Each structure stands twice: as structure tokens, then as C-alpha cells.
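This note's numbering applies: residue 34 is where the sequence shown begins, and numbers increase by one.
Okay, structure first, notes after.
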Amino acid sequence: MGFFTDTSVCIGCKACEVACKEWNMVPEDGLTFTGMSYDNTQGLGADTWRHVAFIEQRRPIGEQDPGLEYDGVDVLGLAGERADLRWLMASDVCKHCTHAACLDVCPTGSLFRTEFGTVVVQEDICNGCGYCVPACPYGVIDQREEDGRVWKCTLCYDRISDGQEPACAKACPTDSIQYGPLDELRERAAERVEQLHDAGVADARLYGHDPDDGVGGDGAFFLLLDEPETYGLPPDPFVTTRDLPSMWRHGAVAALTLVGGIAAAFAVGDRIGGRR
Numbered sequence: 034m035g036f037f038t039d040t041s042v043c044i045g046c047k048a049c050e051v052a053c054k055e056w057n058m059v060p061e062d063g064l065t066f067t068g069m070s071y072d073n074t075q076g077l078g079a080d081t082w083r084h085v086a087f088i089e090q091r092r093p094i095g096e097q098d099p100g101l102e103y104d105g106v107d108v109l110g111l112a113g114e115r116a117d118l119r120w121l122m123a124s125d126v127c128k129h130c131t132h133a134a135c136l137d138v139c140p141t142g143s144l145f146r147t148e149f150g151t152v153v154v155q156e157d158i159c160n161g162c163g164y165c166v167p168a169c170p171y172g173v174i175d176q177r178e179e180d181g182r183v184w185k186c187t188l189c190y191d192r193i194s195d196g197q198e199p200a201c202a203k204a205c206p207t208d209s210i211q212y213g214p215l216d217e218l219r220e221r222a223a224e225r226v227e228q229l230h231d232a233g234v235a236d237a238r239l240y241g242h243d244p245d246d247g248v249g250g251d252g253a254f255f256l257l258l259d260e261p262e263t264y265g266l267p268p269d270p271f272v273t274t275r276d277l278p279s280m281w282r283h284g285a286v287a288a289l290t291l292v293g294g295i296a297a298a299f300a301v302g303d304r305i306g307g308r309r
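And the structure:
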């Protein structure tokens, strides 16, 4: 199970942020106007499990005939005056990676894979070591200053265990956030991209949907209208623990070589001492 977020229909209402906080009792994380954007939460963190980005771009956008006629008003002319500015709005969340590095590095088993394929933190056994924070290729997991424990989206594990959809998807008024079996969501997403391409939106593309990518596919993937970097997403994410097996092998070889060298040195020393 997972999320498909269609950013092409996101209106930036932040209902998902509010619903997430209310249902999961996530603390308030600052309501200060940043001066950079209408977005006051700025990014995902321990106290922001859903984050709606506001990305302002000055570039041409497609114009559509509204199919209405107004006497004395050039509707398309008015639209043309605004055609050089667009907002990209996107609701970001933990990706629930198939190959999750956070699971690999957690020493206490606080992070675990659920029966739905999602990744959840058990805060009651998190020791606050923070190993999972740099391990996450998306920079999602974060520690709270009060006690150092990590927190992130659980994909509303309690709700989906009871047959309900996650709070953010339930609250989304445009169905930008869709919840369901990943195979079905991927098919739906591919059809949506084709629709947008047919409508002239050539930049529409999927992100995190490919099971053969560097993290084995994301449990929360996106339809984007620009490059991933525009949304603050890595263009080619990979599981950060992918080199651990080879590192351990090289470490073991180095250790054996060192031990062998020391043993050889002692053996040579004993033979020289014996001759003396």
C-alpha cells in the first residue's frame, strides 16, 4: 500500500498538513512568516510529516479556452497577461522506500516494516542515536530537540490497520493525494501522465514509481511538472547503505591482513632471536 501524489491538481490548501497534525497529534512547528514564500513550514521534519511546497516560477504555461463568452471581455487576452507566472504546489511526505537505509542502520529495531510495506518508527524504543537521519536519501527523518527521538510519517498505520485511508488523503479536496495498492496507483499514474502529455504538458513525469530505481521504488511516489530538483528532491536517489556489504568485506580482509602481518613479524623475530 502507498501514496500517489498528483501535484498537477494540488491547490496548496495545506489541508493534508493540518489533518496529519490533528490525527497524529504532531506538535506545532512554527507559524513565523519566512519572507521567502507563503509556505511557513519550509520542509519535512520531526514536527512536519506532510509538507506542501510553494514553488513560484516565471515561465510560459499552457492556456485553455474556458468555453465561455463574455461581452466586451477578452478572456484569453487576460489569461495571456498572466501566462508567464505559475505556482508549482506539491505535498511531500516520507517515501517509505522499498530498500530503506533507515531500517538497515537502526540498532534497536525501532524502525520496522509493516504488513502494508510501509516503514514506521516505534518511538517508545527509539534511543535517539540518530543513525537513521543521515541514512535517509531524502532527508525525511528528523530528531526532536526535546528528547532526540526520531519522528516521521507512519502512513497513518493505525488508520490503515482499521481499513481507513490516511488522514492526509482523506482531507485532500482535489484527490491530489491518493492511497491504495501500489500496483493500481502506478497504473493510474501512468494514465494521468499520458493525459497531461496529450494536453501539451510535456514536462509531466513520475518520480519514485520505478521498482528498479536506487531504492527499489518508493511507497509514496509523485507526478511532477518539472525536474525533481525544482521540488527539492534528489534526481537519482539510492539506498545509502548499498556499499555496506563490500565495506565489511574489505574491512575483514584488511583486518586479516593486519593480523597475518603481525603474526609473521613475531615469527621472524622469534627465528632471529633463536639464531642469536
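Glycine included, every Cβ here is placed at the ideal spot set by N, Cα and C.
As the structure is a prediction and not an experimental result, all values here were calculated from the model.
- Runs of the alpha helix (DSSP H) spanning 4 or more residues and lying entirely within the region 182-264 occur at 190-194, 200-204, 215-231, in chain order.
- If you draw a straight line from the Cα of Pro244 to the Cα of Val51, it is about 31 Å long.
- Contact check for Ala222 against Leu229 fails: the beta carbons are separated by 8 Å or more.
- Contact between Ile193 and Phe149 holds, since their C-beta atoms are separated by about 6 Å, short of 8 Å.
- With contacts defined as CB atoms closer than 8 Å, Leu121 and Thr263 qualify as a contacting pair.
- Between the alpha carbons of Cys139 and Glu55 lies a gap of roughly 28 Å.
- The beta strand (DSSP E) runs lying completely inside the region 40-78 and spanning 3 residues or more number zero.
- In this structure, the beta-carbon distance from Arg182 to Cys159 falls below 8 Å.
- Between Cys127 and Ala253, the C-beta gap is smaller than 8 Å, which places the two residues in contact.
- Judged by DSSP secondary structure, Leu121 falls within the beta strand (DSSP E) whose first and last residues are 119-125.
- Apart from sequence neighbours up to five positions away, the residues of its chain that approach Gly247 with a beta-carbon distance below 6 Å are Pro270, Phe271, ordered along the chain.
- Taking each of Cys135, Gln90, Ala133, Pro60 in turn and checking the Cα distance to Leu118, the smallest one comes out for Gln90.
- Relative to the Cα of Cys53, the nearest Cα in the group Asp216, Cys205, Ala232 belongs to Cys205.
- In this model, Ala133 and Glu61 are separated by some 28 Å (Cα to Cα).
- For Pro170, same chain residues with a beta-carbon under 8 Å away, outside a window of 5 residues either side, are Cys130, Ala134, Gly247, Val248, Pro267, Pro270, Phe271, Val272, Thr273 in chain order.
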